[in-house]
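Straight run, no breaks: the sequence shown in the working numbering ends on number 253.
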Amino acid sequence: MDMGLWGMPGTMGMSFGSFLIMWTLMMAAMMLTSIAPLATLYERTVTAHRGPRLTALGGGYLLAWGSTGVVAFVVADVFGDIAADRPTLARWVAVTCFVAAGLYQLTPLKMRCLDHCRSPLGHLMRYIGFRGPLRDVRAGIHHGLFCLGCCWALMTVMVAFGVMNVAAMVGLALVIAVEKHWRHGERFARVVGVVAVMWAVGIIIDPSVAPGLDPGAVMGMPTGGG
């Protein structure tokens, strides 16, 4: 089994620059389905300089998400040390992350941000009305911040799986896509919240359901070559 699929606590020895680049690329892949509906509407509405403006829109969106890599690096670095030196504390940090994520899924703020992401048409005219050379970057950042408000709590559970855990990121991307595109997405978001709280209980009972807590277990997994 490839260790890279399962992740490990900390920054995996990456420098800040390397981590930020990797984080931004992974966020771009994860959030592609989130910006696609707005980008499609933008493409149909913008008549001049379409390519550069769509690029600027995507760049602004990535800027909003890529900036979270700074926080992710600090959290991963600190949590990696905690997981190695104080495993009991690490378990409770992971439990707290899951409980916080679960409860946030049930809040009006979550639902407001989710509604924004699910209904880009309602905000398109506002974006088209932006003025200035950075108007499309501004629109991308604005939309990205709403998506961040929708998804930040879910991202915190990556602490328990390893911040660069590819398998967990794929699963999380699917959850986010269903929330934003399924007609029962708001109801699904609440179910995810309940599941997150239940997972927190599971971590208390069996820490192995949070592989990012145990660097020894991850390093001991067989690799594809063995």
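Just so it is clear, CB atoms sit at the ideal spot from N, CA and C, and this is done for glycine as well.
Predicted model only: the values in this text are computed from it and were never measured.
Taking just the CA atoms, how far does residue j sit from residue i?
i, j, result
"M58", "A111", "31 Å"
"I62", "L133", "23 Å"
"M191", "G198", "13 Å"
"Y154", "L136", "21 Å"
"G85", "L151", "15 Å"
"F46", "G159", "33 Å"
"M41", "L52", "15 Å"
"D163", "L172", "14 Å"
"G96", "L81", "23 Å"
"A216", "L181", "10 Å"
"W209", "V105", "36 Å"
"A204", "E213", "12 Å"
"A103", "T115", "17 Å"
"F100", "M196", "16 Å"
"T67", "G149", "14 Å"
"M49", "A83", "21 Å"
"R165", "Y69", "14 Å"
Going by other Cβ atoms of all chains shown within 10 Å of its Cβ, with 16 needed for buried, is residue i buried or exposed?
i, result
"A75", "exposed"
"L141", "buried"
"E206", "buried"
"D108", "exposed"
"L65", "buried"
"G189", "buried"
"M185", "buried"
"P147", "buried"
"H211", "exposed"
"G247", "Its pLDDT being 39, under 50, G247 is placed unreliably in this model, and the coordinates cannot settle the point."
"P79", "exposed"
Comparing alpha-carbon positions, which option in the options lies nearest residue i?
i, options, result
"V202", "F43, V222 and V186", "V222"
"F43", "H169, Y88, V73 and V98", "V98"
"A128", "L68, C178, A195 and A204", "C178"
"G9", "A117, G167 and A194", "In the structure displayed, the chain extends from 28 to 253; residue 9 sits before or after that span and is not available."
"T183", "Y69, P79, F125 and R77", "F125"
"T72", "D104, G156 and G96", "G156"
"T60", "A200, L116 and M225", "A200"
"G87", "V105, V102 and H170", "H170"
"G220", "G149, V236 and M138", "M138"
"A237", "T123, T67, I48 and H211", "T123"
"W226", "A194, R165, H211 and L130", "L130"
Assuming residue i and residue j are in contact, meaning their beta carbons sit under 8 Å apart, how far apart are those beta carbons, in whole angstroms?
i, j, result
"L89", "A55", "6 Å"
"A187", "I230", "7 Å"
"R118", "P234", "5 Å"
"H175", "A91", "Checking the displayed sequence, the identity of residue 175 turns out to be Leu instead of His. Contact flag correct, Cβ pair sits at about 6 Å."
### Task
With a floor of 4 residues, list each alpha helix (DSSP H) that falls wholly inside the stretch 52–127, ordered by position along the chain.
59–72, 77–93 and 95–112
### Query
At what residue ranges does the stretch 153–187 contain a whole run of the alpha helix (DSSP H), taking only runs of 4 or more?
162–183
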